[in-house]
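A.B. asks: I have a structure here, written as structure tokens, and I will follow up with some questions on it.
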Amino acid sequence: MGVKKSGALAWLQATPFALVFLLFLVLPLVLVAAVSTWHASDYELIPAFSAQNYIDVFNGCLNTGELCVTLKTYLSTFKFCVLVWAITLVIGFMVAYFLAFHVRSVGAQTLLFIVCTVPFWTSNVIRMISWVPLLGRNGVINQGLQGLGLIDSPIEWLLFSNFSVVLAFVHLYTMFMIVPIFNSMMRIDRALIEAARDSGASGWQTVWNVVVPLSRTGIIIGSIFVITIVMGDFVTIGVMGGQQIASVGKIIQVQTSYLQFPMAAANAVILLVITLMMIWGLTRLVDIRKEL
Amino acid sequence: MREGKRPRSFYALAIVFGAFVLFLYGPMITIFVLSFQGPEGGLTFPMRGVSLHWFAKLWEGMGVVDIAAAFRRSVALGAVVMLFTVLLSLGAGLAFRKKFAGSALLFYTSVASLIMPSIVVSLGIGLQFRLIDTALKALLETMGLSGLLEGYGTAMGLFTSALGAHLTWTLPFGLLIMLAVFNRFNPAYEEAASDLGATKWQSFRHVVLPLIAPSLVGVGMFGFTLSWDEIARTSQAIGDVNTLPLELQGLTSTVTNPAIYALGTVTTVVSFAVMGGTLALMKVLRR
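So, in structure tokens, the structure goes:
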């Protein structure tokens with residue numbers, strides 16, 4: 162069997178898979194980039210090549226007084242991004258560490274890992290609205306606090322607020338941190354931990370100087386997942402923010418539903434560039450640390 | 003490490019873990035209980051009796067939304083996505099065992115698909131189909147086929163644009179699983195088969211396929227459940243009809259009774275049934 166023949170077979174086998182990405186990922190992205198320079202009338206798209214849409218996106222952003230809508234929206238999205246990233250990283254690391262280093266039998270490890278991942282396969286919207294009976298005005302938490310006499314009137318910021326958006330993100334996406342970090346931790350040679358301990362490292366020192374650097378790949382992969390999800394989100398922020406909180410994804414969604422495709426495309430290109438820069442920065446940041 | 007007294011950190015982290023599991027499942031259990039709310043009951047506790055009232059309400063349909071039709075659409079789409087995910091991931095997985103030009107590009111493209119903001123993908127596909135519509139209508143007009151032109155609505159639909167959008171989300175997971183499976187696959191079995199005179203096809207059909215069958219079932223489950231819950235990529239790329247999760251997202255802001263919890267219970271039961279069925283099938287295949 163010659164190399165050429167097996168190469169041809171491999172091509173044949175991979176072609177349907179590759180075609181899907183060509184037709185439904187590459188081509189659409191090229192179109193988004195192209196249409197971002199087009200014009201639109203009320204009922205049709207007019208091919209053109211102008212930067213007008215991009216200028217419109219940043220309209221008023223050069224004013225020194227108040228922030229323009231675009232920058233405000235990005236700031237708000239970044240804020241969610243940083244908060245959710247930090248919280249999911251800490252929780253995800255602790256859960257993965259417990260599973261990888263403290264659970265001793267493989268059976269228990271597998272079972273607990275599955276327990277952590279099962280909700281991933283259930284509906285996200287359902288998991289969001291399942292907070293309503295707990296956080297609502299008459300929800301369990303407000304009733305409980307009022308019953309204890311700790312508060313006189315219901316706390317309003319529990320639901321449909323920044324708080325509930327962050328809570329839902331953490332609830333939905335910590336799994337994306339746990340799985341890759343756990344995977345990295347399972348590959349760590351246990352002898353290295355023993356060696357650190359034998360050399361007199363405290364528990365914290367072992368975690369910080371041995372486990373964290375060796376889990377680096379998992380931490381980066383998890384971070385990339387969480388950051389890209391939050392940057393482009395409009396469903397979670399929409400449902401848990403009571404459709405009152407702006408996000409970049411929501412701007413694109415609204416513009417698309419009003420058929421303002423060129424503006425939506427320009428916003429999508431900007432979102433994509435910023436997200437890619439964040440991913441690139443993240444990998445660089447960790448690389449630099451390794452160099453030091 | 004494996005023996006001896008548990009360190010104090012074990013107990014601290016065990017508490018964190020327990021709290022996390024409670025955080026994961028607590029709210030889900032709450033709406034499961036509340037979906038059996040009595041007819042007089044509301045969106046929050048207390049329970050005013052126990053009944054199947056809200057499931058019956060759900061069955062009748064919620065206002066203008068035909069839940070049963072959306073349910074059927076989502077099941078059908080999920081099944082097709084599952085089939086495509088299994089077949090295409092298997093093909094790609096087999097291809098990646100050999101060296102072929104462009105394999106790195108294909109791998110990174112599918113990883114990029116996984117981390118691409120979904121709204122961008124969705125917008126792109128929506129745009130693509132709108133341009134296809136425009137082009138087709140112009141074509142029909144120049145050909146003078148006015149009859150066809152009047153009947154033509156849009157190329158967007160459940161099994162065109164929405165299927166494509168779902169596959170950009172399920173296939174990367176399928177490929178990653180297949181790569182992991184073949185990384186651990188022992189080629190000695192195949193070599194033994196070919197030494198015994200089996201053709202390429204025979205060794206695939208009778209040796210490789212039975213060994214990887216449980217993993218393929220797992221890929222199928224990923225395909226169905228990811229499609230069953232997909233919103234973001236479908237949102238701009240489906241046209242006039244909606245899938246169940248899209249209807250559900252719309253209902254969150256309009257429905258103010260426990261019927262929405264009943265819907266949540268039903269969709270969660272479907273997810274769990276698929277997972278249970280998958281595990282059972284994997285067990286049978288591993289025999």
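Chains as they are written, first to last, in my numbering: chain A, 162 to 453; chain B, 3 to 289.
Glycine included, every Cβ here is placed at the ideal spot set by N, Cα and C.
1. Checking contacts by CB at 8 Å: is Gly163 of chain A closer than that to chain B?
2. Rounded to whole angstroms, what's the CA-CA distance from Gly163 of chain A to Thr201 of chain B? Just pull it up for me.
3. Do you know offhand how far Ala175 of chain A's Cα is from Asn303 of chain A's?
4. Tell me whether the beta-carbon of Met289 of chain A lies closer than 8 Å to the beta-carbon of Thr397 of chain A.
5. Could you round the C-beta distance between Ser163 of chain B and Arg235 of chain B to whole angstroms and report it? I think they count as a contact, below 8 Å.
6. In this structure, does DSSP put Ile349 of chain A in helix, strand or coil?
7. What's the C-alpha gap between Leu2 of chain B and Asp313 of chain A?
8. Taking all protein chains shown into account, do 16 or more other C-beta atoms lie within 10 angstroms of the C-beta of His208 of chain B, making it buried, or fewer, making it exposed?
9. Can you find the residues in the same chain that come closer than 7 Å, C-beta to C-beta, to Ser325 of chain A, ignoring five residues on each side of it along the sequence?
10. How far does the alpha helix (DSSP H) with Ile316 of chain A in it reach, from first residue to last?
11. Three or more C-beta pairs under 8 Å: does that hold for the segment 178 to 197 of chain B against the segment 242 to 254 of chain B?
12. Specify the secondary structure class of Val213 of chain A as computed by DSSP and reduced to three states.
13. With a cut-off of 8 Å, does the C-beta of Leu26 of chain B fall near any C-beta of chain A?
14. Tell me the DSSP secondary structure of Leu26 of chain B in three-state form.
15. Which residues bound the alpha helix (DSSP H) around Ile302 of chain A?
16. Can Ile121 of chain B and Gln421 of chain A be called in contact, C-beta distance under 8 Å?
17. To the nearest angstrom, how far is it from the Cα of Glu232 of chain B to the Cα of Val77 of chain B?
18. Please report the straight-line C-alpha distance between Leu206 of chain A and Ala194 of chain A, rounded to a whole angstrom.
19. Would you give the residue range spanned by the alpha helix (DSSP H) that Glu227 of chain A belongs to?
20. Short of 7 Å Cβ to Cβ, which residues in the segment 281 to 298 of chain A face chain B?
21. Restricting to Cα atoms, I'd like to know which of B:Phe19, B:Arg288, B:His168 and B:Ala157 is closest to Ser112 of chain B.
22. How many Å lie between Leu15 of chain B and Ala282 of chain B at the Cα?
23. Compare the C-beta of Tyr215 of chain A against all C-beta atoms of chain B and say whether one is closer than 8 Å.
24. Of all the residues that make up the segment 219 to 230 of chain B, which are near chain A by a beta-carbon distance shorter than 7 Å?
25. My assumption, with CB atoms under 8 Å, is that Val135 of chain A sits in contact with Phe337 of chain A. Please give the rounded CB distance.
26. Is the distance from the Cβ of Trp61 of chain B to the Cβ of Ser37 of chain B below 8 Å?
27. Any beta-carbon of chain B closer than 8 Å to the one on Val256 of chain A?
28. Taking 8 Å as the cut-off, does the segment 276 to 288 of chain A touch the segment 266 to 282 of chain B (at least 3 CB pairs, one atom from each stretch)?
29. Please report the straight-line C-alpha distance between Asn148 of chain B and Ala426 of chain A, rounded to a whole angstrom.
30. Find out if the Cβ-Cβ distance for the pair Val88 of chain B, Gly199 of chain B is shorter than 8 Å.
31. Just the Cα atoms here: how many angstroms apart are Gly403 of chain A and Gly95 of chain B?
32. Taking buried to mean at least 16 other C-beta atoms within 10 Å of its own C-beta, is Ser363 of chain A buried or exposed?
33. Three-state secondary structure (DSSP) at Gln260 of chain A?
34. Residues of chain A with CB under 8 Å from Met30 of chain B, in chain order?
35. Could you say if the segment 134 to 147 of chain B and the segment 90 to 105 of chain B meet the contact criterion of at least three C-beta pairs nearer than 8 Å?
C.D. replies: To lay it out plainly:
1. Working through the first sequence from its first residue, we reach residue 163 of chain A at position 2. The predicted model places Gly163 of chain A with a pLDDT of 46, which falls under 50 and marks its position as unreliable; any figure quoted below should be read in that light. By this cut-off, Gly163 of chain A is not an interface position.
2. Position 2 of the first sequence, counted from the start, is the residue given in the question as residue 163 of chain A. Position 199 of the second sequence, counted from the start, is the residue given in the question as residue 201 of chain B. In this predicted model, Gly163 of chain A has a pLDDT of only 46, less than 50, meaning its place in the structure is not dependable; the value taken from the coordinates is given anyway. Each residue's Cα considered, the two are about 16 Å apart.
3. Taking the first residue of the first sequence as 1, we reach residue 175 of chain A at position 14. Taking the first residue of the first sequence as 1, we reach residue 303 of chain A at position 142. Taking the straight line joining both Cα atoms gives about 55 Å.
4. The residue you call residue 289 of chain A lines up with position 128 of the first sequence. The residue you call residue 397 of chain A lines up with position 236 of the first sequence. Contact flag set, yes.
5. For the purposes of this step, residue 163 of chain B is identified with residue 161 of the second sequence, where counting begins at 1. For the purposes of this step, residue 235 of chain B is identified with residue 233 of the second sequence, where counting begins at 1. Ser163 of chain B to Arg235 of chain B, Cβ: 10 Å. No contact.
6. If you number the first sequence from 1, residue 349 of chain A lands on position 188. It is coil, neither helix nor strand.
7. Residue numbering for chain B in the displayed model covers 3 to 289; residue 2 of chain B lies beyond these limits and cannot be assessed.
8. Along the second sequence, one-based indexing puts residue 208 of chain B at 206. By the neighbour-count rule (16 or more Cβ atoms within 10 Å), His208 of chain B is not buried but exposed.
9. Numbered from 1 along the first sequence, position 164 holds the residue referred to as residue 325 of chain A. Here the set comprises Trp292, Leu296, Leu319 and Met401.
10. As a working mapping, residue 316 of chain A is identified with position 155 in the first sequence. From DSSP, Ile316 of chain A is part of no alpha helix (DSSP H); its letter is neither H nor E.
11. no
12. Reading the first sequence from its first residue, position 52 is the one you call residue 213 of chain A. The sequence as given places Gln at residue 213 of chain A; Val does not occur at that position. Helix, per DSSP.
13. Here residue 26 of chain B refers to the residue found at position 24 when the second sequence is read from its first residue. For Leu26 of chain B, the answer is yes, since a Cβ of chain A falls inside 8 Å of its Cβ.
14. The residue you call residue 26 of chain B lines up with position 24 of the second sequence. Correct three-state label for Leu26 of chain B: helix.
15. Working through the first sequence from its first residue, we reach residue 302 of chain A at position 141. It spans Val301 to Gly308 - the alpha helix (DSSP H) in which Ile302 of chain A sits, taken as one unbroken run.
16. The sequence position of residue 121 of chain B within the second sequence is 119, counting from 1. The sequence position of residue 421 of chain A within the first sequence is 260, counting from 1. Against a cut-off of 8 Å, the Cβ pair of Gln421 of chain A and Ile121 of chain B comes out as no contact.
17. Here the question's residue 232 of chain B lines up with position 230 in the second sequence. Here the question's residue 77 of chain B lines up with position 75 in the second sequence. Cα to Cα, the separation comes out at about 12 Å.
18. Locating residue 206 of chain A in the first sequence gives position 45, counting from the first residue. Locating residue 194 of chain A in the first sequence gives position 33, counting from the first residue. Going from the Cα of Leu206 of chain A to the Cα of Ala194 of chain A covers about 14 Å.
19. For the purposes of this step, residue 227 of chain A is taken as the residue at position 66 of the first sequence. Taken as a continuous stretch (DSSP letters only), Glu227 of chain A belongs to no alpha helix (DSSP H), as it is neither H nor E.
20. Trp282, Thr283, Ser284, Asn285, Val286, Ile287, Arg288, Ile290, Ser291, Trp292, Val293, Pro294, Leu295 and Gly297
21. Walking along the second sequence from the start, residue 112 of chain B turns up at place 110. Among B:Phe19, B:Arg288, B:His168 and B:Ala157, the Cα nearest to that of Ser112 of chain B is on B:His168.
22. Your numbering for residue 15 of chain B matches position 13 in the second sequence. Your numbering for residue 282 of chain B matches position 280 in the second sequence. Approximately 32 Å, taken between the alpha carbons.
23. Translated into the one-based positions of the first sequence, residue 215 of chain A becomes position 54. So no, Tyr215 of chain A is outside the interface.
24. Thr227
25. Chain A is shown only over 162 to 453; residue 135 of chain A falls outside these bounds and no answer can be derived.
26. Start at 1 with the first residue of the second sequence, and residue 61 of chain B comes out as number 59. Start at 1 with the first residue of the second sequence, and residue 37 of chain B comes out as number 35. No, the Cβ-Cβ distance between Trp61 of chain B and Ser37 of chain B is not below 8 Å.
27. As a working note, residue 256 of chain A is residue 95 in the first sequence. Chain B contact via Cβ: present.
28. yes
29. Position 146 of the second sequence, counted from the start, is the residue given in the question as residue 148 of chain B. Position 265 of the first sequence, counted from the start, is the residue given in the question as residue 426 of chain A. Before going further, note that residue 148 of chain B is Ser rather than Asn in the sequence given. Roughly 32 Å separates the two Cα atoms.
30. Here residue 88 of chain B refers to the residue found at position 86 when the second sequence is read from its first residue. Here residue 199 of chain B refers to the residue found at position 197 when the second sequence is read from its first residue. For Val88 of chain B and Gly199 of chain B, no; Cβs fall outside 8 Å.
31. On the first sequence, residue 403 of chain A is found 242 positions in, with the first residue counted as 1. On the second sequence, residue 95 of chain B is found 93 positions in, with the first residue counted as 1. Their backbone Cα atoms lie some 43 Å apart in a straight line.
32. Within the first sequence, residue 363 of chain A is the residue found at index 202, counting from 1. Its Cβ having fewer than 16 others within 10 Å, Ser363 of chain A is exposed.
33. Here residue 260 of chain A is taken as the residue at index 99 of the first sequence, counted from 1. The residue asked about is misnamed: residue 260 of chain A is Leu in this sequence, not Gln. If DSSP states are grouped into helix, strand and coil, Leu260 of chain A belongs with the helices.
34. Translated into the one-based positions of the second sequence, residue 30 of chain B becomes position 28. The answer, in chain order, is Pro280, Thr283, Ile287, Arg288 and Ser291.
35. no
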